[in-house]
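A short write-up of the structure that comes next.
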Amino acid sequence: MRFILLISFLPVFFSEATFSVPGSGTEEGAPQPAEASVFFGDPFIMLYEGTYYAYGTSAADGIAVFISDDLLNWKAVPGNRLALHKDDSWGDRWFWAPEVYYIKGKFYMYYTANEHICVAVGDSPLGPFRQKVQEPMLKGEKSIDNSLFIDDDGKPYLFFDRFNDGLNIWVAELENDLMTIRTTTMKKCINVSQEWEKVWPRVNEGPFVLKHGDTYYMTYSANSYESPFYGIGFATAAHPMGPWTKYEGNPVFQKPGDLVGVGHSAMFTDKEGNLRIVFHSHHSETKIHPRIMHIGRVTFAEKEGQTVMQIDKDYVTPVRR
């Protein structure tokens with residue numbers, strides 16, 4: 378299950394860390410101008426106590442957070458303070474693909490640093506998130522895009538990408554501390570196998586898992602994030618550990634409207650109970666960065682004897698105010 382956040386709002390404490398500005402303002406990591414799109418790659422949205430929190434790949438020195446009441450209008454926290462700063466984390470660069478969950482009185486941020494998967498903990502969705510022990514979850518090998526899933530029985534799993542013959546998606550059981558991977562349980566879920574995934578290079582990445590009925594659904598992205606043919610597919614399983622089977626009708630979301638390079642998605646339930654999906658696109662058809670956050674809607678439909686996940690081609694592009 379994904380967590381329904383029903384407790385009272387916690388006091389907010391801010392780190393003094395702010396956005397780094399490594400350039401002219403055109404790349405991710407540069408200041409986001411007022412009345413602009415939200416410049417997040419690999420976005421994630423959490424609903425907590427009536428407020429939406431968005432996290433994404435954007436800042437050179439850590440992980441940024443934006444807040445919204447309506448999913449359309451977003452604002453940064455005062456001073457553009459980071460939710461996680463590199464001083465509080467293992468790694469000093471390449472802070473990617475954050476996800477945040479409220480669990481048992483704490484907020485857990487799963488993210489990538491220096492192409493290694495990490496987890497940090499905070500008392501507020503705004504941070505500061507810190508690693509008590511500054512080390513990656515998997516030592517000695519590169520891995521990215523870690524995503525938490527907790528099943529109905531409370532058992533936690535971690536999905537992530539490993540670098541072997543391209544990028545492949547793996548799963549492992551977690552200890553109850555939600556930080557320690559049971560490495561003996563690590564198992565490959567999916568790898569590049571469908572024709573649409575073979576544009577360039579060999580990439581299956583950005584997993585996100587939810588349960589619908591008795592079936593587990595994993596969304597993932599294929600092809601390089603730099604490719605205009607970056608897109609989203611899904612796979613299903615009867616158990617989080619698999620085996621996972623890709624939907625034959627993939628991709629279910631690729632180049633909608635005038636967007637290109639769409640992918641690295643995550644799902645959440647909005648205030649009205651609708652299942653939503655957040656994803657990024659290239660900045661334009663001719664320019665990759667800074668990538669832009671968009672929000673769509675997910676439904677399920679019966680097709681040829683199976684329940685198929687559908688991503689509406691209509692989407693909204695939030696703005697920063």
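If you count the sequence shown from 1, you need to add 377 to reach the working numbering.
Just so you know, even glycine gets a beta-carbon here, dropped at the ideal spot from N, CA and C.
The structure displayed is predicted, hence computed values, not measured ones.
By alpha-carbon distance to Leu544, the top candidate from Asn523, Val580 and Arg559 is Val580.
When the Cα atoms are used, Asp691 and Tyr607 turn out to be separated by approximately 18 angstroms. Phe656 is not a Cβ neighbour of His666, given a cutoff of 8 angstroms. Minimum Cα-Cα distance from Thr557 among the listed residues Ile672, Lys519, Tyr487 and Tyr479 corresponds to Tyr487. When the beta-carbon positions are compared, Glu476 and Thr434 stay at least 8 angstroms from each other. Sequence-distant partners of Glu512 (beyond 5 residues in either direction) whose C-beta falls short of 6 angstroms from its own C-beta, in its chain, are Trp467.
It is roughly 17 angstroms from the alpha-carbon of Pro505 to the alpha-carbon of Arg470. Within the stretch 514–556, the complete beta strand (DSSP E) segments of 3 residues or longer fall at 520–527, 533–540 and 544–550, listed in chain order.
Pairing Phe416 with Tyr432 gives a Cβ-Cβ distance that is not under 8 angstroms.
For His589, the uninterrupted beta strand (DSSP E) segment begins and ends at Asn581 to His589. Taking the C-beta atoms as reference points, Asp438 is found nearer than 8 angstroms to Leu459. Residue range Gln683 to Val693 is occupied by the beta strand (DSSP E) that includes Val685. Inclusion of Val639 and Ile672 in the CB contact set at 8 angstroms is not warranted, their separation being larger than that value. An exposed status is given to Pro620, since fewer than 16 other beta-carbon atoms sit within 10 Å of its beta-carbon. Pro502 and Asp647 have their alpha carbons spaced roughly 17 angstroms apart. Here Val454 is not bridged, per DSSP, to any residue. The DSSP assignment places 483–490 and 493–499 as complete runs of the beta strand (DSSP E) inside the stretch 475–515, in order along the chain (cut-off: 3 residues).
For His589, same chain residues with a beta-carbon under 8 angstroms away, outside a window of 5 residues either side, are Phe677, Thr684 and Met686 in chain order.
If you compare the alpha carbons of Thr622, Ala615, His616 and Asp591 with that of Tyr597, the shortest gap goes to Thr622. Lys463 carries a helical assignment under DSSP once its states are collapsed to helix, strand and coil.
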